[in-house]
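J.:
Residue numbers (full-length UniProt numbering): 1 to 155.
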């Protein structure tokens, strides 16, 4: 089991795109959106993963992730997830030695851009890039699992 410690922010503009080291299209589908045990399928390129996450405790939560066959992930998403999915492009941006993951959402969440940074400890305070806006760490409306259940961008 790994401990995931991350902070999440809204992004104010797309200036990060020109600084991105890479980008990947991702589909995430949810078998369970229960806050105590979220179960997610992530399909990116020809790779697939199943992730189980425990309840959020501020910026920290338990997480287990497993590589699974791509065909199994596609079948499970189709048969078990009932359309509870999100589509996004993830950009990786280095800012002063810190790796930021910036998700540009598509489809019914078009216009939403969220940045996440994984931290070695909850006390860590990384330097914020200029495109970073309001912090939404711990705001359930911005959990990907909750976005999968709702149409549109949280207000």
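Glycine residues also receive a C-beta, built at the ideal position from the N, C-alpha and C atoms.
Let's test the definition: count the other Cβ atoms within 10 Å of the Cβ of residue 99 and tell me whether it reaches 16, buried, or not, exposed.
T.: Along the chain shown, read from residue 1 onward, the residue named residue 99 stands at position 99. So residue 99 counts as exposed.
J.: For residue 40, which residues in the same chain have their Cβ closer than 6 Å to its Cβ, ignoring the five residues on either side in sequence?
T.: In the chain shown, the residue the question calls residue 40 occupies position 40. Excluding residues within five positions, the ones whose Cβ falls inside 6 Å are 28, 30, 51.
J.: Say whether the region 83-91 touches the region 5-13, bearing in mind that this needs 3 or more beta-carbon pairs closer than 8 Å, one atom from each stretch.
T.: The answer is no - the region 5-13 does not touch the region 83-91, with fewer than three Cβ pairs under 8 Å.
J.: Measure the C-alpha to C-alpha separation of residue 72 and residue 45 and round it to an integer number of angstroms.
T.: Stepping through the chain shown from its first residue, residue 72 is reached at position 72. Stepping through the chain shown from its first residue, residue 45 is reached at position 45. Going by the C-alpha atoms only, they are around 14 Å apart.
J.: Give me the residue from 18, 90, 16, 54 with the minimum Cα distance to residue 3.
T.: Here residue 3 is taken as the residue at index 3 of the chain shown, counted from 1. Minimum Cα distance to residue 3 is reached at 54.
J.: For residue 140, count neighbouring C-beta atoms within 10 Å of its own C-beta (all shown protein chains included) and say buried if the count is 16 or more, exposed if not.
T.: In the chain shown, counting from the first residue as 1, residue 140 sits at position 140. By the neighbour-count rule (16 or more Cβ atoms within 10 Å), residue 140 is not buried but exposed.
J.: Where do the N-terminal and C-terminal ends of the beta strand (DSSP E) with residue 41 fall, by residue?
T.: Position 41 of the chain shown holds residue 41. Here the beta strand (DSSP E) through residue 41 covers 37-44.
J.: Among 128, 124, 105, which has the Cα closest to the Cα of residue 114?
T.: Working through the chain shown from its first residue, we reach residue 114 at position 114. If we check each option's Cα against that of residue 114, 105 comes out closest.
J.: Measure the C-alpha to C-alpha separation of residue 133 and residue 60 and round it to an integer number of angstroms.
T.: In the chain shown, residue 133 corresponds to position 133, counting from 1. In the chain shown, residue 60 corresponds to position 60, counting from 1. Rounded to the nearest angstrom, the two C-alpha atoms are 21 Å apart.
J.: Decide if residue 148 is buried, meaning its Cβ has at least 16 other Cβ atoms within 10 Å, or exposed.
T.: Locating residue 148 in the chain shown gives position 148, where the first residue counts as 1. The residue is buried, with at least 16 neighbouring Cβ atoms inside 10 Å.
J.: Tell me which residues share the same chain as residue 127 and place their Cβ nearer than 8 Å to its Cβ, disregarding the 5 neighbours each side in the sequence.
T.: Position 127 of the chain shown, counted from the start, is the residue given in the question as residue 127. So the qualifying residues of the chain are 95, 96, 98.
J.: Could you pull out every unbroken alpha helix (DSSP H) segment of at least 4 residues lying fully inside the UniProt domain "CYTH" (2-149), listed in chain order?
T.: DSSP runs (the alpha helix (DSSP H)) wholly in the UniProt domain "CYTH" (2-149): 70-80, 144-149.
J.: Looking only at its chain, what residues have a beta carbon closer than 8 Å to the beta carbon of residue 74, apart from the 5 residues adjacent to it on each side?
T.: Locating residue 74 in the chain shown gives position 74, counting from the first residue. Closer than 8 Å at the Cβ level, and outside the excluded window around residue 74, lie 43, 48.
J.: Closer than 7 Å by C-beta to residue 23: which residues in its own chain qualify, once you throw out the five before and the five after it? Chain order, please.
T.: The residue given as residue 23 occupies position 23 in the chain shown. Closer than 7 Å at Cβ, skipping near neighbours: 89, 90, 91.
J.: Using 7 Å as the threshold, is the C-beta distance between residue 107 and residue 153 below it?
T.: In the chain shown, residue 107 corresponds to position 107, counting from 1. In the chain shown, residue 153 corresponds to position 153, counting from 1. No.
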